[in-house]
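Residue numbers (full-length UniProt numbering), protein chains in the order written: chain A, 1 to 102; chain B, 1 to 102.
The beta-carbon is built from N, C-alpha and C at its ideal position, and this holds for glycine as well.
Model, not experiment: these values are computed from the prediction.
Number of protein chains: 2
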Amino acid sequence: MSGCPVEATLSVIGGKWKIVILWRLARGTMRFNELQRAISPITRKMLTEQLRELESDNLIVRTVYPVVPPKVEYSLSEYGKTFIPVMQSMAQWGLVHLERNA
Amino acid sequence: MSGCPVEATLSVIGGKWKIVILWRLARGTMRFNELQRAISPITRKMLTEQLRELESDNLIVRTVYPVVPPKVEYSLSEYGKTFIPVMQSMAQWGLVHLERNA
DNA sequence: TGACATAGTACCCAAAAAGTAACTGTAAGG
DNA sequence: CCTTACAGTTACTTTTTGGGTACTATGTCA
């Protein structure tokens, strides 16, 4: 919107849960309910919304298996993987921050 | 809250404008109205709130000069400066993202 | 026959975040 | 004497966000 790179990043990961979701998926593919349990107390509604947005930004890939009960897997796209270094630098700083405020 | 380093980082910079403010201050000290003009359309209220929170997290320093009209300067604290690399990696990724979606 | 599991959607309401407008004090400049 | 500048604060309204509940489909298991 503004052309500022930092704001561009924020617009993609601005959602309350997006980075947490991406951070989980960085460790590997997960199913919907798996994500929900991992990130609790996120609600199904919020999880769905955030996943849809991440998908439309091409950061994650949604794979539906036509089975019953339904099976849907989420994973980072190749593009989404380019975001891992950013999250790593966040994690590193967060670690220091946690120690500092311990 | 959760002990997750990424979430810890998010809790500090979660405000809508915080990173933008920090990113500005990374280039140097700024006065209140200077910041407001630079970050428009942020409102005075929001700017005040975000600055106060950043200050109480010790990321920025507020310096008041007892003159009329008032003069208040904001700058990154030493601790705040440790966040610059994180913002740089965000900016880098944002640049690629902007090009990709150009 | 009936419950269970998965991955959602639809709708309504409450809470939180953000915006708006008016007000503060004081000195300088016209 | 009236206006402008700065750096806010306060009260009120609006918008956005998030939560709760109920509902969907259908194959398997008991």
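About 6 Å separates the beta carbons of Ser75/B and Leu25/B, which is inside the 8 Å limit, making them a contact pair.
Chain A places a beta carbon closer than 7 Å to that of Ser89/B, counting this residue as a contact. In chain order, Ile19 place their CB closer than 6 Å to the CB of Ile13/B, counting only its own chain and leaving out the 5 sequence neighbours on each side. Under the Cβ criterion of 7 Å, Ala38/B is not counted among the residues facing chain A.
The continuous alpha helix (DSSP H) containing Leu54/A extends over residues 44–56. Using a 10 angstroms sphere on the CB of Thr43/A, the tally of other CB atoms stays under 16, which defines it as exposed. Per DSSP, reduced to three states, the secondary structure at Thr82/A is coil, with no helix or strand assignment. Under a criterion of Cβ atoms nearer than 8 Å, the residues of chain A adjacent to Thr82/B are, in order, Trp93, Val96. When rounded, the separation of the alpha-carbon atoms in Gly3/A and Leu98/B is 7 Å. In this structure, the CA atom of Pro5/A is about 43 Å from the CA atom of Val68/A. The Cβ-Cβ distance between Val86/A and Trp93/B falls below 7 Å. At least one CB of chain A lies nearer than 7 Å to the CB of Ile19/B. In the three-state DSSP reduction, Arg27/B falls in the coil class, being neither helix nor strand. Taking a contact as a CB-CB distance under 8 Å, the pair Tyr79/B and Leu59/B counts as one, their CB atoms being some 6 Å apart.
Ser77/A: not part of any alpha helix (DSSP H); DSSP gives it neither H nor E. Rounded to whole angstroms, Asn101/B and Leu95/B show a C-alpha spacing of 10 Å. For Val64/B, the enclosing beta strand (DSSP E) starts and ends at 60–65. Selection Ile21/A, Ala8/A, Lys16/A evaluated against Val61/A yields Ile21/A as nearest (Cα-Cα). Between Ala8/A and chain B, the shortest Cβ-Cβ separation is below 7 Å.
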